[in-house]
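Chemist: Chains as they are written, first to last, in the numbering used here: chain A, 967 to 1082; chain B, 884 to 999.
Yeah, the Cβ is synthetic: ideal placement off N, Cα and C, and Gly gets one too.
Every value quoted in this text rests on a predicted model; they were computed, and no experiment measured them.
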Amino acid sequence: AQKVTQAQTEISVVEKEDVTLDCVYETRDTTYYLFWYKQPPSGELVFLIRRNSFDEQNEISGRYSWNFQKSTSSFNFTITASQVVDSAVYFCALSEASQGAQKLVFGQGTRLTINP
Amino acid sequence: ETGVTQTPRHLVMGMTNKKSLKCEQHLGHNAMYWYKQSAKKPLELMFVYNFKEQTENNSVPSRFSPECPNSSHLFLHLHTLQPEDSALYLCASSQGAGVRIANEQFFGPGTRLTVL
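Spelled out as structure tokens, the structure:
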């Protein structure tokens, strides 16, 4: 069975600090996909990134970066120079490859609070 | 806006009421999903539809009845709910690729349901 663990329930930092959100996953599939979503107070989940299991290159998008390490089954997310607008709940998710619809398995989420 | 709309945004109902949640996607996707998000559990997948056909029912009680008349619309019919069904119900859509990959899902803002 697939499983995603986000051990950090809540994180609180001061603005401009760097913060890393951890994500550890379990799967028996050799082909799978990992995702990060952001859920601001409005409730809507916002897609941030998708990574497939064959692409272990780290990715950087502005202040966001992702570190995928297959050896430790981790897909961590770092926000550099955090801002108050980054405050949200962040979810890591896992999906097997499929020709049709997919079943996303979510972690419990990490509530990130950026204090001014 | 992600291109997925949900109505109503808030719903309060008694245990004997019958109500329906509506989801519409304007993205041309062929797969649609219902998720439940409660305070005590991570995001739970409820139902999956691919090209209007239900492909997943994640052991959801029969008091929740989904309907997918076409690839753009998804309903969740509710009857004789319990107070523990109070949660945020999220709809999502994605594009099947015809090959074994996993495309990202786009989420609506959710319906906040309270069962009295």
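(1) So who's on the other strand from R995(B), going by DSSP bridges?
(2) Can you tell me whether V1071(A) is buried or exposed, with buried defined as 16 or more other CB within 10 angstroms of its CB?
(3) Rounded to whole angstroms, what's the CA-CA distance from Y972(B) to L996(B)? Just pull it up for me.
(4) Would you say R1084(A) reaches chain B, if we count a Cβ-Cβ gap shorter than 7 Å as a contact?
(5) Let's see if you can read the secondary structure: which residues bound the beta strand (DSSP E) around V990(A)?
(6) For V905(B), I'd like the list of residues in its chain whose CB is within less than 6 Å of its CB, leaving aside the five on either flank, ordered along the chain.
(7) By the criterion of Cβ-Cβ separation under 7 Å, what are the contact partners of G991(B) in chain A?
(8) Can you name, in chain order, every residue of its own chain whose Cβ lies under 6 Å from the Cβ of V931(B), other than the five neighbours on each side?
(9) Would you report the Cα separation of H960(B) and T986(A), rounded to the nearest angstrom?
(10) Closest to K1059(A) by C-alpha separation, out of V979(A), D995(A) and Y999(A), would be which residue?
(11) What does DSSP give as the partner residue(s) for T971(A) in the beta ladder?
(12) With DSSP as the reference, label P966(B) as helix, strand or coil.
(13) Do F1057(A) and Y1003(A) have their C-beta atoms closer together than 7 Å?
(14) Considering only DSSP beta bridges, list what Q914(A) is partnered with.
(15) Within a Cβ cutoff of 7 Å, which residues of the same chain sit near Q974(A), ignoring the five residues on either side of it in sequence?
(16) Of all the residues that make up the region 915 to 934 of chain B, which are near chain A by a beta-carbon distance shorter than 9 Å?
(17) Could you tell me the alpha carbon to alpha carbon distance between S969(B) and L928(B), rounded to whole angstroms?
(18) Just to confirm the assignment, what range does the beta strand (DSSP E) spanning F1043(A) have?
(19) Note down, in chain order, each residue of its chain lying with its Cβ closer than 6 Å to the Cβ of S977(B), except the 5 sequence neighbours on either side.
(20) DSSP state of S1037(A), grouped into three classes?
(21) When we look at the beta-carbon of E1025(A) and count the other beta-carbons within 10 Å, is it buried (16 or more) or exposed?
(22) Is the beta carbon of V979(A) sitting closer than 7 Å to the one on S1048(A)?
(23) Comparing alpha-carbon positions, which option in S1039(A), F1020(A) and F1001(A) lies nearest S1031(A)?
Modeler: Concretely, from the data shown:
(1) Answer is H893(B) and L971(B).
(2) By the 16-neighbour rule on beta-carbons within 10 angstroms, V1071(A) is buried.
(3) The straight-line gap from Cα to Cα measures roughly 7 Å.
(4) Since the first residue shown for chain A is 967 and the last is 1082, residue 1084(A) is missing from the structure and cannot be characterised.
(5) Segment V990 to E992, the beta strand (DSSP E) holding V990(A).
(6) In the sequence under discussion, the amino acid at residue 905(B) is Lys, which differs from the Val named in the question. So the qualifying residues of the chain are T890 and F958.
(7) The CB of G991(B) comes closer than 7 Å to the CB of E1010 in chain A, given here in chain order.
(8) If you ignore the 5 residues before and after V931(B), its C-beta comes within less than 6 Å of the C-beta of Y916, T938 and E939, all in its own chain and listed in chain order.
(9) In a straight line, the C-alpha of H960(B) is about 40 Å away from that of T986(A).
(10) The sequence shown places Ala at residue 1059(A), rather than the Lys named in the question. The residue with the shortest Cα to Cα distance from A1059(A) is Y999(A).
(11) In the DSSP assignment, the residues bridged to T971(A) are V990(A).
(12) P966(B) falls in the helix class under three-state DSSP.
(13) Closer than 7 Å, so yes.
(14) No statement about residue 914(A) is possible, as the shown extent of chain A runs from 967 to 1082 and does not include it.
(15) Same-chain partners within the cutoff: L987, D988 and T1076.
(16) Residues passing the 9 Å Cβ filter: M915, Y916, Y918, Q920, K924, P925, L926, E927, L928, V931, Y932, N933 and F934.
(17) Rounded to the nearest angstrom, the two C-alpha atoms are 16 Å apart.
(18) S1040 to I1045 is the span of the beta strand (DSSP E), which, as asked, contains F1043(A).
(19) Cβ within range, chain order: H912, A914, N986 and Q988.
(20) DSSP, reduced to helix, strand and coil, places S1037(A) within a helical segment of the structure shown.
(21) Exposed, because fewer than 16 other Cβ atoms sit within 10 Å of the Cβ of E1025(A).
(22) Result yes, Cβ atoms of V979(A) and S1048(A) sit closer than 7 Å.
(23) Looking from the CA of S1031(A), the closest CA among S1039(A), F1020(A) and F1001(A) belongs to F1001(A).
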